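Residue numbers (the working numbering), protein chains in the order written: chain A, 28 to 183; chain B, 287 to 623.
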Amino acid sequence: MIPKPSTIKRHLEAIITGLKYIFVKNRLTLRYPEMVQLLSENYRGMIKYYMDRCISCTLCARICPADAIKMYTVGENKLPGINYMRCIFCGFCVDICPKEALEFTNIHDLAYYTREEQIQKPIEFSKGPPKPIFKKEPMKIVVKLDKSRGLKYERT
Amino acid sequence: MISLDQIIRLIFFPPIFITIVFPGLIALLIVIVFLIWLERKIAAKVQLRYGPLYILKPLGGVIQTVADLLRYLFAEVIIPRRADKFSFIMAPILSFGFAFIPIVALPISSKYFAFKSDLSLLVVLALLTIAPIFILIIGWASDNKFSFIGSLREGYMIMAYEVPLFLSVLAMAILYNTLDIIEIVETQSKWVWGILLNPIAAFVFLICTFMMTARFPFEISEAEQEIVMGPFTEYTGIIFGLCMSYSYIKLYILSLLFAYLFLGGWYPIVWPFTLNPIMPGIITLIKGLIVMIIGIFLRSVYPRFRVDQTLRIGWEGMFVLSIVALILSFSLVILVK
Numbered sequence: 028m029i030p031k032p033s034t035i036k037r038h039l040e041a042i043i044t045g046l047k048y049i050f051v052k053n054r055l056t057l058r059y060p061e062m063v064q065l066l067s068e069n070y071r072g073m074i075k076y077y078m079d080r081c082i083s084c085t086l087c088a089r090i091c092p093a094d095a096i097k098m099y100t101v102g103e104n105k106l107p108g109i110n111y112m113r114c115i116f117c118g119f120c121v122d123i124c125p126k127e128a129l130e131f132t133n134i135h136d137l138a139y140y141t142r143e144e145q146i147q148k149p150i151e152f153s154k155g156p157p158k159p160i161f162k163k164e165p166m167k168i169v170v171k172l173d174k175s176r177g178l179k180y181e182r183t
Numbered sequence: 287m288i289s290l291d292q293i294i295r296l297i298f299f300p301p302i303f304i305t306i307v308f309p310g311l312i313a314l315l316i317v318i319v320f321l322i323w324l325e326r327k328i329a330a331k332v333q334l335r336y337g338p339l340y341i342l343k344p345l346g347g348v349i350q351t352v353a354d355l356l357r358y359l360f361a362e363v364i365i366p367r368r369a370d371k372f373s374f375i376m377a378p379i380l381s382f383g384f385a386f387i388p389i390v391a392l393p394i395s396s397k398y399f400a401f402k403s404d405l406s407l408l409v410v411l412a413l414l415t416i417a418p419i420f421i422l423i424i425g426w427a428s429d430n431k432f433s434f435i436g437s438l439r440e441g442y443m444i445m446a447y448e449v450p451l452f453l454s455v456l457a458m459a460i461l462y463n464t465l466d467i468i469e470i471v472e473t474q475s476k477w478v479w480g481i482l483l484n485p486i487a488a489f490v491f492l493i494c495t496f497m498m499t500a501r502f503p504f505e506i507s508e509a510e511q512e513i514v515m516g517p518f519t520e521y522t523g524i525i526f527g528l529c530m531s532y533s534y535i536k537l538y539i540l541s542l543l544f545a546y547l548f549l550g551g552w553y554p555i556v557w558p559f560t561l562n563p564i565m566p567g568i569i570t571l572i573k574g575l576i577v578m579i580i581g582i583f584l585r586s587v588y589p590r591f592r593v594d595q596t597l598r599i600g601w602e603g604m605f606v607l608s609i610v611a612l613i614l615s616f617s618l619v620i621l622v623k
């Protein structure tokens with residue numbers, strides 16, 4: 028079996044490509060606690076609720092496709108609470124709210140100890156998600172499109 | 287009462303130093319730890335990942351393999367009920383042992399060796415060929431279809447790589463007119479490196495080394511995506527550690543052999559290495575490491591060949607090339623005379 032010249036060429040091409048990638052310095056892994064990606068303003072993170080703007084129209088609870096938002100009776104009003112175990116971050120509630128009482132934050136990296144903590148009643152819901160705490164100040168990274176490599180990370 | 291002087295003399299007694307320290311157990315352990323880490327790291331780099339990182343972070347996770355080894359040590363060894371108990375336990379130990387024994391015949395320099403024999407090259411190769419037999423026994427003893435298929439694949443390949451390997455070594459032996467590793471290296475120091483004298487034999491030896499040690503693209507007997515872990519599917523704990531390091535030991539020995547046969551062994555000896563008869567070994571180790579790194583780098587580039595493709599490469603490619611290498615050696619010898 029004598030290999031064709033094209034076969035040998037392809038073997039060499041594969042090896043050269045592999046060697047090239049060893050020395051190119053651009054990885055796609057984001058080392059999370061040390062590097063944090065800066066998110067855009069339109070990012071759909073956890074939801075913040077402004078209780079003073081709310082007019083108790085219940086539209087958010089009705090539009091929610093995952094049954095995550097539920098109305099609770101607080102005093103005389105009915106106000107929304109959220110269940111983060113169900114929420115799919117689709118943004119329907121934020122879009123439909125006529126008084127802009129619901130708003131996306133760009134916080135998404137949160138963990139809870141118990142299931143009950145994830146069901147937030149109106150008062151807890153209005154406090155908004157807490158900011159994540161890092162041991163060290165993380166490096167801020169921006170994702171950019173690159174023609175040759177696809178995605179590219181850059182420091183800010 | 288044994289004095290310190292006696293202990294030092296005992297450690298540096300060639301048969302003990304070569305088997306225990308270098309190129310024996312201690313050097314072997316360090317090289318394997320480094321190689322497995324480097325293999326994962328290179329594959330990660332080519333795939334735009336980081337690889338092992340968090341154990342000893344300043345050095346990029348070098349001791350990740352030590353952590354893995356500790357985990358293997360403390361894991362429970364499970365023996366399947368239907369396995370043949372005696373051969374199930376003994377076969378990996380013996381295959382590890384027989385893969386390790388050839389180290390005795392590897393010299394460190396022309397003045398420092400465990401034993402000098404006219405046939406030391408043949409001793410190394412003959413002992414290396416015993417180990418695969420135990421892979422076949424493992425496949426039979428495990429009573430598992432994946433082990434069985436894996437060991438059968440190994441059995442198919444044994445002939446396909448051993449015959450060309452031996453023929454390429456024979457070509458070099460004809461060229462140097464000896465089977466003694468020390469004399470082979472000494473001959474190369476007077477002439478040129480073997481890789482320049484007979485590049486075809488060097489190529490065949492290199493490819494057969496990768497076939498023999500289950501490197502990519504010939505990682506057929508252990509094919510993870512197809513047959514779990516091949517012959518070693520049923521193994522757990524430290525016995526699995528033995529199985530895993532088995533192919534690395536073979537790679538280590540064959541790479542050192544490649545350095546002796548084709549890359550001039552411990553020559554050229556420059557200043558700091560002339561101080562001690564053990565120091566030239568470092569040069570051999572560096573040359574061998576380069577060969578090993580080529581072997582582990584291929585993992586990140588190649589997919590896996592099928593069994594029939596590998597057999598075709600072995601019999602129709604490497605076998606023919608090794609005969610061409612033989613003819614080349616003969617003609618070179620005749621030309622010189």
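Just so you know, even glycine gets a beta-carbon here, dropped at the ideal spot from N, CA and C.
Being a predicted model, the structure only gives us computed values, none of them experimental.
_For chain B, check one thing: does any of its Cβ atoms lie closer than 7 Å to the Cβ of T13 of chain A?_
There is simply no residue 13 of chain A to check, as chain A begins at 28 and stops at 183 in what is shown.
*Could you say which of B:F518, B:F360, B:T596 and B:I576 lies nearest to G425 of chain B if we only look at CA atoms?*
When only C-alpha atoms are compared, the closest one is B:F518.
*In the segment 64-106 of chain A, which residue ranges form an unbroken beta strand (DSSP E) of at least 3 residues, counting only runs that do not cross its ends?*
Those beta strand (DSSP E) runs which fall completely within the segment 64-106 of chain A and span 3+ residues are 74-76 and 96-101.
*Contact list for V587 of chain B against chain A, beta-carbon separation under 7 Å*: Neighbourhood of V587 of chain B in chain A, by CB distance below 7 Å: A41, I42 and G45, in chain order.
*Strand pairing of K167 of chain A, partner residues [DSSP]*: Its beta-bridge partners are A:V63.
*Cβ atoms of F544 of chain B and V577 of chain B: under 7 Å apart, would you say?*
If you check the CB distance, V577 of chain B and F544 of chain B come in under 7 Å.
*Report, in whole angstroms, the separation of the C-beta atoms of P309 of chain B and A400 of chain B, which I expect to be a contact under 8 Å.*
The Cβ separation is near 10 Å, so there is no contact.
*chain A contacts from the segment 322-334 of chain B (Cβ-Cβ distance under 9 Å)*: For the segment 322-334 of chain B, which is checked against every Cβ of chain A, the residues closer than 9 Å are I328, A330, K331, V332, Q333 and L334.
_Strictly below 7 Å CB to CB, what residues from chain C border Y48 of chain A?_
This model lacks chain C altogether; the protein chains it does include are A and B.
*By DSSP, does R182 of chain A sit in helix, in strand, or in coil?*
Strand.
*Mind listing the chain B neighbours of N53 of chain A? Cutoff is C-beta to C-beta under 8 Å, in chain order.*
Those are L334, listed as they occur along chain B.
_Members of the segment 579-605 of chain B that neighbour chain A once the beta carbon cut-off is set at 9 Å_ = The residues in question are F583, L584, S586, V587, Y588, R598, I599, W601, E602 and G603.
_Once DSSP output is grouped into helix, strand and coil, what is the label at G600 of chain B?_
Helix.
*Does any C-beta atom of chain B lie closer than 7 Å to the C-beta of T56 of chain A?*
For T56 of chain A, the answer is yes, since a Cβ of chain B falls inside 7 Å of its Cβ.
_Cβ shell of L380 of chain B (< 7 Å), same chain only, five flanking positions each side left out_ = Around L380 of chain B: F420.
*Which residues in the same chain as L407 of chain B place their Cβ atom closer than 6 Å to its Cβ, once the five residues preceding and following it in sequence are excluded?*
Excluding residues within five positions, the ones whose Cβ falls inside 6 Å are L465 and I467.
*Using the C-alpha atoms, what's the distance from P159 of chain A back to Y111 of chain A?*
Annotation: Y111 of chain A to P159 of chain A spans about 17 Å, alpha carbon to alpha carbon.
*Under the three-state reduction of DSSP, which class applies to I312 of chain B: helix, strand or coil?*
Residue state, collapsed to three classes: helix.
*I186 of chain A, DSSP secondary structure in three states*: Here chain A comprises residues numbered 28 to 183, so residue 186 of chain A is not present and cannot be evaluated.
*Please list, in chain order, all residues of the same chain as V410 of chain B whose beta carbon is under 8 Å from its beta carbon, the five residues on each side excluded.*
A distance below 8 Å between beta-carbons, with the five flanking residues on each side excluded, links V410 of chain B to the following residues of its chain, in chain order: P388, A391, L392, I467, I539 and L543.
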